[in-house]
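These protein sequence lines are chains A and B, in that order.
In terms of this note's numbering, the first sequence opens at residue 1 and continues consecutively.
In terms of this note's numbering, the second sequence opens at residue 1001 and continues consecutively.
Built from N, CA and C at the ideal position, the CB exists for glycine as well.
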Amino acid sequence: MIEFRIEGLDALRAQLRELPASLAGEGGQLVAHRGDRAGAAIRDGYPARTRDLRDRLEVLHRANAFGARAIIINRSRHALPFEYGTQARHTQLGSNRGAMPPNPLFSSTVARERRGMWQDLSDLLVRAGLTVTGHAG
Amino acid sequence: MPDSSAIDQALIDYLLADGLLRTLLPDGVFWSEAGPSLVHGGASTRFVIVSLSDAVDVPMFGGRAFEDVLYAVKTVELLTATGRNSRAAAARLDQLLDPQPPDPRPTLAIDGYGVMVLRRRTRMRYTEVDEVDASIRWQHRGGTYQLMAAPTAT
């Protein structure tokens, strides 16, 4: 009589059941880390004299059993004009500031960190023994 | 050798060629900062600004497979100007760059490239008020648009 015995199937089954929760936990940390990095880089990139741009930047974290989000938001009224540019205008001090071209600090930083996040999450899945194909952008 | 600036220029030329957008914002389509009006040569008060928000090259097989570019494209209008076309112009801009079904996809011709994707990523809208003269108000509307283009074989 020949008998095949595969040891560890119960353990494998248990591991597979745990996998989503385990991945969600570590994945959530990666998302939060990238969000914090982006927030810090944007804050550092704003001009020092413009306190409002720095002070009103927030990084919010949301996580549950199914996923995680990092939300970076700037509530300053100067945020959009800084990011996308202004037209000729005067300051209250009477100077003519002139048109300001776009400074895409926020957009480019978020895009860069988002790409890094995709890579981090892809690496996490590979470490867990899964195969990752394709490209997310 | 593909020239990445050709993508920027093609986008500007595409918008400039649209008669309705030019009617709504006659002063022109500019890169990053407004230049003199293409109509009268004076200061521009109704125009489109295109600028680069982010760009990344995606490599494959030892070469550049495609370029993934995020543009900020906005209509700009001085609200003291005659008429207010900002809303209609922004809608037209979006229709040109990211038409929704059943409208056909845009036909953007780029020298040395083929367009893979052109779509809006985010919407933007803000009003800029002069700090000294509050009657001077500029309306900015538009969005960020992702354009992915692959170099064509030469």
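Measuring only between beta-carbons, confirm whether residue i sits less than 9 Å from chain A.
i: THR1080/B; result: no
i: ASP1054/B; result: yes
i: VAL1029/B; result: no
i: VAL1076/B; result: yes
i: PRO1126/B; result: Here residue 1126/B is Tyr; the residue named in the question, Pro, does not match the sequence. Answer yes: the Cβ-Cβ gap between TYR1126/B and chain A drops below 9 Å somewhere.
i: LEU1097/B; result: no
i: ALA1034/B; result: yes
i: HIS1140/B; result: yes
i: SER1051/B; result: yes
i: THR1023/B; result: no
i: THR1152/B; result: no
Report back the beta-carbon spacing between residue i and residue j to the nearest angstrom; my notes put them in contact at under 8 Å.
i: THR109/A; j: ALA38/A; result: 5 Å
i: TRP1138/B; j: LEU1078/B; result: 6 Å
i: LYS1074/B; j: GLY1028/B; result: The pair is not a contact, with the Cβ atoms about 14 Å apart (cut-off 8 Å).
i: ALA1021/B; j: ALA1089/B; result: Sequence inspection shows Leu at residue 1021/B; the Ala mentioned does not correspond to that position. Sure, about 6 Å apart at Cβ, within 8 Å.
i: THR1144/B; j: ARG1125/B; result: The pair is not a contact, with the Cβ atoms about 12 Å apart (cut-off 8 Å).
i: TYR84/A; j: HIS1040/B; result: Going by Cβ atoms, the distance from TYR84/A to HIS1040/B rounds to 26 Å, so no, they are not a contact pair.
i: ALA1006/B; j: GLY1112/B; result: 6 Å
i: GLY116/A; j: ARG34/A; result: 6 Å
i: ALA99/A; j: LEU19/A; result: Between LEU19/A and ALA99/A the Cβ distance is about 54 Å, and since that is not below 8 Å, they are no contact.
If I measure Cβ to Cβ from residue i and keep anything under 7 Å in the same chain, skipping five residues before and after, which residues do I get?
i: ASP36/A; result: VAL59
i: ALA1065/B; result: VAL1058, PRO1059 and ALA1150
i: ASP52/A; result: SER76 and HIS78
i: PRO1106/B; result: LEU1096, LEU1097, PRO1099 and LEU1118
i: ALA41/A; result: THR109
Taking CB distances under 9 Å as the criterion, tell me whether residue i reaches chain B.
i: ARG115/A; result: yes
i: ALA111/A; result: yes
i: THR50/A; result: no
i: SER122/A; result: no
i: THR86/A; result: yes
i: ALA99/A; result: yes
i: PRO104/A; result: yes
i: GLU58/A; result: no
i: SER22/A; result: no
i: GLU3/A; result: no
Looking only at its chain, what residues have a beta carbon closer than 8 Å to the beta carbon of residue i, apart from the 5 residues adjacent to it on each side?
i: ASP1018/B; result: ARG1092 and LEU1096
Tell me which residues share the same chain as residue i and place their Cβ nearer than 6 Å to its Cβ, disregarding the 5 neighbours each side in the sequence.
i: VAL1132/B; result: none
i: ARG1119/B; result: ASP1098 and GLN1146
i: ILE73/A; result: GLU58
i: ILE1136/B; result: ASP1130
*Between the stretch 1038 to 1056 of chain B and the stretch 1068 to 1077 of chain B, do at least 3 Cβ pairs fall closer than 8 Å?*
They touch, by the three-pair rule.
*Taking any Cβ of chain A, which residues in the stretch 1055 to 1072 of chain B have a Cβ under 8 Å from it, in chain order?*
For chain A, the residues of the stretch 1055 to 1072 of chain B that bring a beta carbon within less than 8 Å of one of its beta carbons are VAL1056, VAL1058, ASP1068, LEU1070 and ALA1072, in chain order.
*Quick check: the stretch 1094 to 1109 of chain B against the stretch 1034 to 1042 of chain B, are there 3 or more CB pairs under 8 Å?*
Verdict: no, contact absent.
*Three CB pairs or more closer than 8 Å across the stretch 67 to 76 of chain A and the stretch 19 to 30 of chain A*: Yes: at least three Cβ pairs fall under 8 Å.
*Contact the stretch 43 to 51 of chain A vs the stretch 1015 to 1030 of chain B: 3+ CB pairs below 8 Å*: No, the stretch 43 to 51 of chain A is not in contact with the stretch 1015 to 1030 of chain B.
*Quick one, which residues of the stretch 1097 to 1116 of chain B are near chain A if we go by CB-CB under 8 Å, in chain order?*
Interface annotation for the stretch 1097 to 1116 of chain B against chain A: empty, criterion Cβ-Cβ distance under 8 Å.
*chain B contacts from the stretch 62 to 81 of chain A (Cβ-Cβ distance under 7 Å)*: Listed in sequence order: LEU80 and PRO81.
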